[in-house]
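Below you'll find the structure, written out as structure tokens, and then a few comments.
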């Protein structure tokens, strides 16, 4: 879509980063991380007896599993995202500050 907006084709052999920089769009990975952390903040601010909080630790229980790499759980991905940005779970309780920390410019 961005290539088409700029008038380039794949034959021009321009990297996606160059096109995103030209259009002024943030990398999709950063926007996905922002979206995950925004949802985490929303869930974390809910009361502990809310239905959405019941599934917070889901998938963490140790059950017999097959060989290979362990499955990536949602909460592990969130913890990795928070560690990369230097955030703490307690910060999510203050909505305005949380949004300011996780916001990614377009």
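Numbering (my numbering), first residue to last: 3 to 108. Don't be surprised by glycine CBs; every beta carbon is placed ideally from N, CA and C.
Just verifying my parser: in three-state terms, what is the DSSP assignment at residue i?
i          : result
residue 10 : coil
residue 43 : helix
residue 96 : coil
residue 57 : coil
residue 75 : coil
residue 37 : helix
Leaving aside the five residues before and after residue i along the sequence, list all residues of the same chain whose C-beta is less than 8 Å from its C-beta, in chain order.
i          : result
residue 22 : 4, 28, 29
Rounded to whole angstroms, how far is the Cβ of residue i from the Cβ of residue j, which I believe are closer than 8 Å?
i          : j          : result
residue 97 : residue 43 : 7 Å
Can you give me the Cβ contacts of residue i inside the same chain, cut-off strictly under 7 Å, excluding the 5 residues immediately before and after it?
i          : result
residue 35 : 83
residue 54 : 45, 48
Relative to the C-alpha of residue i, which residue among the options is closest?
i          : options     : result
residue 88 : 39, 56, 49  : 39
residue 57 : 70, 76, 108 : 76
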